[in-house]
Amino acid sequence: MYSKAVSNSDPGTGRSCPSVEDFEGYILDLDGTVYRGDKLIPGAREAIMGLRAMGKRVVFLSNKPIQSRQEYAAKLTKLGIPTPADDVINSSLVMARYLADCAPGCRAYVIGEMALVHELRAAGVEVVEDPTTLGAHVDYVVIAFDRTFTYAKLNHALQAVRYGARLVATNADRTCPVEGGEIPDAAGMIGAIEGTTGLKVELVVGKPNPMMLQTALGRLGLGRDQCLVVGDRLETDILMGKKAQMATALVLTGVTRREDLSRSAIQPDYVLDSIAALPCRRREWKEGFCSRGWESGGADGRL
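For the sequence shown, this note's numbering begins at 24 and goes up steadily by one.
Written out as structure tokens, the structure reads:
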């Protein structure tokens, strides 16, 4: 159910906010929204299968680059949500497409795990394993969530930057939600490399960058005004949707708590106790929460 009622329309235009089942496409975060660790959020399977039964299109997003899209799809399928790999979009895919489009044939040193390396290589990026090797000049140091991060990798990144490499990152999450709590995420790697090299990461392709939503909308074949972005983090999921001028729904099953809303300038259009609320019909809602309407136009780098 909705957690709070504020308004049923945009105070500026008077346009009615649609109910959450009125969208044609649903862009769902994974960690903290659909599952935590290896366990589904209660009601997640029923919600997603319910949306599909209503003829809705669903894709999944994750900032986490430590699993391949095929692995994400296999995990969802094992949990009872049959999913093709093409319906999973993670920061590895977005990074690979960005480098392939903007710097075709580039060379990169990767602070990350093999799923990211494979995605980059599949897109034509030459991954250099040791940038300190004679003649191994690289164009980019790609920084990601890396559970194998070591001093040697930090040194390799430093040497690559000394010879002109630029810093880019898949995501900048501080922590990753897992069953029973949180673990350090890519922000730790970014902080170490920025602190050592003296350079700042010039681009983070993952959430809250709306580049991920461009990829998702392309997969759905829908416009932004037809889709709802659903996630558990104000500073990534909801901010990303705001930047793209899309409707957003915050679920309270991940990192964000109800009390965080009153302290944040980032406000979702809907607040849900969990993803389990999504497929309910209009008559089943007890309270509606819609903080504003949204327009389909975009400017200033938005979609």
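Using N, Cα and C, we set each Cβ at its ideal position, and we do this for glycine too. None of the values given here were measured: they were computed from a predicted structure.
Quick one: does residue i have its CB under 7 Å from some CB of chain D?
i: C125; result: The structure shown contains no chain D; it is built from a single protein chain.
Could you have a look at residue i and say whether DSSP puts it in helix, strand or coil?
i: G66; result: coil
i: C199; result: strand
i: E149; result: strand
i: A288; result: coil
i: E225; result: coil
i: E205; result: strand
i: T271; result: strand
i: Y132; result: strand
i: N178; result: helix
i: S115; result: helix
i: A188; result: coil
i: V354; result: This structure gives no information on residue 354, because the portion of the chain shown stretches from 24 to 326.
i: V294; result: strand
Looking at the strands, I want to know which residues DSSP matches up with residue i.
i: F168; result: The partner list for F168 (beta bridge, DSSP) is empty, contrary to what the question assumes.
i: G48; result: R80, C250
i: D327; result: There is no way to answer for residue 327, as the model of the chain reaches only from 24 to 326.
i: S42; result: S42 is not bridged to any residue.
Rounded to a whole number of angstroms, what is the C-alpha to C-alpha distance between residue i and residue j?
i: N86; j: M77; result: 28 Å
i: A70; j: A299; result: 5 Å
i: E225; j: R189; result: 8 Å
i: L273; j: D109; result: 24 Å
i: A180; j: E136; result: 15 Å
i: T193; j: L116; result: 9 Å
i: G66; j: A288; result: 29 Å
i: Y174; j: G218; result: 13 Å
i: D45; j: K79; result: 9 Å
i: A167; j: V191; result: 9 Å
i: T271; j: V43; result: 10 Å
i: A183; j: P154; result: 6 Å
i: V164; j: A145; result: 17 Å
Checklist entry - Can at least three beta-carbon pairs, one atom from the region 206-225 and one from the region 233-240, be found at a separation below 8 Å? => result No, they do not touch.
Item to check | Contact between the region 92-108 and the region 257-277 (3+ Cβ pairs under 8 Å) | outcome: Cβ pair count under 8 Å is below three, so no.
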